[in-house]
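Just so you know, we're using my numbering here: the sequence shown kicks off at 154 and counts up by one.
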Amino acid sequence: MALPATPAVAVDAIVEGEEGIVLVKRGGEPFSGMWALPGGFVRVGESVEEAVEREGYEETGLKFRLKRLHGIYSQPGRDPRGHVISLCFVGEGAGRPRGGDDARAARFFPVHELMGLDLAFDHKRILRDYLEAGDVL
154 MALPATPAVA VDAIVEGEEG IVLVKRGGEP FSGMWALPGG FVRVGESVEE
204 AVEREGYEET GLKFRLKRLH GIYSQPGRDP RGHVISLCFV GEGAGRPRGG
254 DDARAARFFP VHELMGLDLA FDHKRILRDY LEAGDVL
């Protein structure tokens with residue numbers, strides 16, 4: 154996908170559940186086969202809140218109940234496809250996650266395992282910020 158000359162807007166979801174945080178295994182490039190936060194691009198005419206709920210559901214099968222904005226990540230090199238600004242939200246998801254849309258798989262990871270994983274994009278930084286904020290599960 155070619156991105157426009159201006160930054161693209163994306164959303165990422167930190168989906169909390171009883172068993173930890175949901176990550177998805179990416180099915181497409183970039184970072185095919187790597188674990189990542191559920192997320193994707195905001196569609197024209199869609200709010201960022203609608204986008205994160207849609208992406209969370211499409212990629213995990215879980216209804217995403219939005220709790221709060223976690224942070225904004227805008228470093229120009231964070232996505233190899235181009236300059237992408239991502240708004241990351243924290244929310245809750247109940248049930249068993251399943252991969253869908255462009256996610257090959259989805260599952261909960263215990264919080265204590267997150268920093269030991271090799272994650273796509275800058276998602277390790279996002280999760281580190283989340284864990285350091287102290288408002289975890």
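Glycine is no exception: its CB is placed at the ideal position from the N, C-alpha and C atoms.
Everything numeric in this text was worked out from a predicted model, so none of it was measured.
Three-state secondary structure assigned by DSSP to residue i
| i | result |
| --- | --- |
| G301 | Because the chain spans 154 through 290 in this model, residue 301 falls outside it and cannot be assessed. |
| V243 | strand |
| R281 | helix |
| V197 | coil |
| H276 | helix |
| E169 | strand |
| V264 | helix |
Rounded Cβ spacing between residue i and residue j (contact assumed at less than 8 Å)
| i | j | result |
| --- | --- | --- |
| R365 | G180 | For residue 365 there is no data in the structure shown, the boundaries of the chain being 154 and 290. |
| P250 | F242 | Between F242 and P250 the Cβ distance is about 17 Å, and since that is not below 8 Å, they are no contact. |
| E245 | G170 | 7 Å |
| V318 | A204 | For the chain, the structure presents residues 154 to 290; residue 318 sits outside this window and is missing. |
| V168 | V162 | V168 to V162, Cβ: 20 Å. No contact. |
| V177 | G252 | 6 Å |
Exposure of residue i, with buried meaning 16 or more beta-carbon neighbours within 10 Å
| i | result |
| --- | --- |
| D165 | buried |
| A259 | buried |
| G248 | exposed |
| T213 | buried |
Distance cut-off 6 Å: residue i Cβ against heavy atoms of the ligand COA
| i | result |
| --- | --- |
| E202 | The ligand COA is not part of the structure shown, which contains no ligands of any sort. |
Identified DSSP bridge partners for residue i
| i | result |
| --- | --- |
| E300 | Outside the shown range of the chain (154 to 290) lies residue 300, about which nothing can therefore be said. |
| K216 | DSSP lists no partner for K216. |
| A155 | Note: A155 sits in no beta bridge, so no partner. |
| R221 | V243 |
| A259 | V177 |
Report yes or no: do three or more beta-carbon pairs, one from the segment 197–217 and one from the segment 275–289, lie closer than 8 Å?
-> With fewer than three CB-CB distances shorter than 8 Å, the segment 197–217 does not count as touching the segment 275–289.
Could you tell me whether the segment 262–272 touches the segment 224–231, using the rule of 3 or more Cβ pairs below 8 Å?
-> By the Cβ rule, the segment 262–272 does not count as touching the segment 224–231, because fewer than three pairs are nearer than 8 Å.
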